[in-house]
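Working notes, beginning with the structure itself.
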DNA sequence: TATTTAATTAGATGAATATTAAATTAGACG
DNA sequence: CGTCTAATTTAATATTCATCTAATTAAATA
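Residue numbers (full-length UniProt numbering), protein chains in the order written: chain A, 1 to 201; chain B, 1 to 201.
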């Protein structure tokens, strides 16, 4: 039921500490210790909030040594209420508050997602048109964790959650450099991904 | 501080019963008893939730005899996250989910509000251009309760919360038929208000 | 291997809040 | 005035949830 999803999304944003975390992450990735220190809470509290934000797909995580760096999942933040968006980004990007009419491609992106995905997030069909296909691929790949390694089995299961033809979509990911494969292990290619993302704007 | 505002907005939507209330109201206005019956809760519970939704400006109220009819404050709902919007409106308007690119005037409306209002909701200046002025007036007047009578003192204080020149704005409200005055008592003119609203689309 | 550092888990505490029953208020109307 | 109806308030209860401390896990490294 979608009700829970919407409620949980708003619950994730219905706490001042979590909003502050997002505001801090808008300036760049941070690990748990630093977040705890900046916010005057214990690391355990950060773990707690990170779990809620992760469930709502609002943040991503990247592990380096035994430190976990949190960062915003821009994709989901961008598609949220503009009031929230303004508050989160205003410190790092003041023009955001100024006159900024959603451009044509932002609209295209929204309409493609509305058209090609069902209410519960399944992909109805793979767009033939390149630009639309890239939008769809970006949408799906943004749900994966940055920096994490996935086995082929994991990737297949993940993609199958969107569309039965996981082999084609996995191939598209590689072809368009959204991810790369290193002897059986798949990983996101964040630079390429956001580069294509910017291309679309 | 705007943090509280954003948090409270999300708190208002972070409860399944309140989302259900909004979904029901999307089909038309309802009074407390009927809402309680449809949702299987007591009228006291509806009163409780209505207060929260009212604080977040998500609903309006209209009194007829001793019955209070609740309705959506479309203005605030529209400017919320599209996921929420879809869930709320989908039952009454299925095309909403389909390809629907925000039209030019929706964009104008958003940009005028971003330009002419400060972060904490004050009006920076009164637009000279008619269309923009109507957008600003609509925005302010949508915060008033439908059907409620206001004294001139109340109206002045309300408008002063947005801009010091309350006299000019009050006059504009009357001129453009957003409200009417009946021997010292001011009241919204809902039909006219939404008629102009539709004109803007 | 022992130590250090970061993160998580588990359990406890306290605050916020959703809900209800019962009492009260506010209008409408005979 | 008395009665009916709708809404609100109050007080009580139960649940959720933010936060902490203390213990534990995990990885890196000396």
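No residue lacks a Cβ here, since even glycine has one placed at the ideal position from N, Cα and C. These numbers were taken from a predicted model, which means no experiment stands behind them.
Answer yes or no: do residue 19(A) and residue 6(B) have a C-beta to C-beta separation smaller than 8 Å?
Their beta carbons are under 8 Å apart, which means residue 19(A) touches residue 6(B) by this criterion.
Candidates 30(A), 54(A), 109(A) and 72(A): closest to residue 11(A) by CA position
54(A)
Stretch-stretch touch, CB-based, cutoff 8 Å, three pairs: the region 109–126 of chain A with the region 25–32 of chain A
no
What's the gap between the Cα of residue 128(B) and the Cα of residue 166(B)?
16 Å
Measuring only the C-alpha atoms, how far is residue 112(A) from residue 136(A)?
Roughly 8 Å separates the two Cα atoms.
Report yes if the CB atom of residue 162(B) is closer than 8 Å to the CB atom of residue 144(B), and no otherwise.
The answer is no: Cβ separation not under 8 Å.
Starting from the Cα of residue 70(B), find the closest Cα among 42(B), 134(B), 14(B) and 21(B) and give me that residue.
Nearest Cα to residue 70(B) within the set 42(B), 134(B), 14(B) and 21(B): 21(B).
Using 8 Å as the limit for Cβ to Cβ distance, is residue 21(A) near chain B?
no
Who are the near neighbours of residue 25(A) in its chain, counting only those whose CB is closer than 7 Å to its CB and skipping five residues on each side?
59, 70, 71 and 72
Going by DSSP, what residues sit across from residue 117(B) in a beta bridge?
Note: residue 117(B) sits in a beta bridge opposite 123(B).
Enumerate in chain order the residues of its own chain whose CB-to-CB distance from residue 125(B) is below 7 Å, with the five nearest sequence positions on each side excluded.
116
The alpha helix (DSSP H) enclosing residue 70(B), as first and last residue numbers
From DSSP, residue 70(B) is part of no alpha helix (DSSP H) but of the beta strand (DSSP E) over 67–72.
Quick one: using the 10 Å Cβ neighbour count with 16 as the cut-off for buried, is residue 174(A) buried or exposed?
exposed
At the level of alpha carbons, what is the spacing between residue 48(B) and residue 52(A)?
26 Å
CB contact below 8 Å: residue 16(B) versus chain A:
yes
Going by the CB atoms, is the gap between residue 179(B) and residue 187(B) shorter than 8 Å?
yes
Would you grab the beta carbon distance between residue 9(B) and residue 50(B) for me? Rounded to a whole angstrom, and I think it's under 8 Å.
About 16 Å separates the two Cβ atoms, so there is no contact after all.
Enclosing beta strand (DSSP E) for residue 41(A) [first to last residue]:
No beta strand (DSSP E) holds residue 41(A); DSSP gives it neither H nor E.
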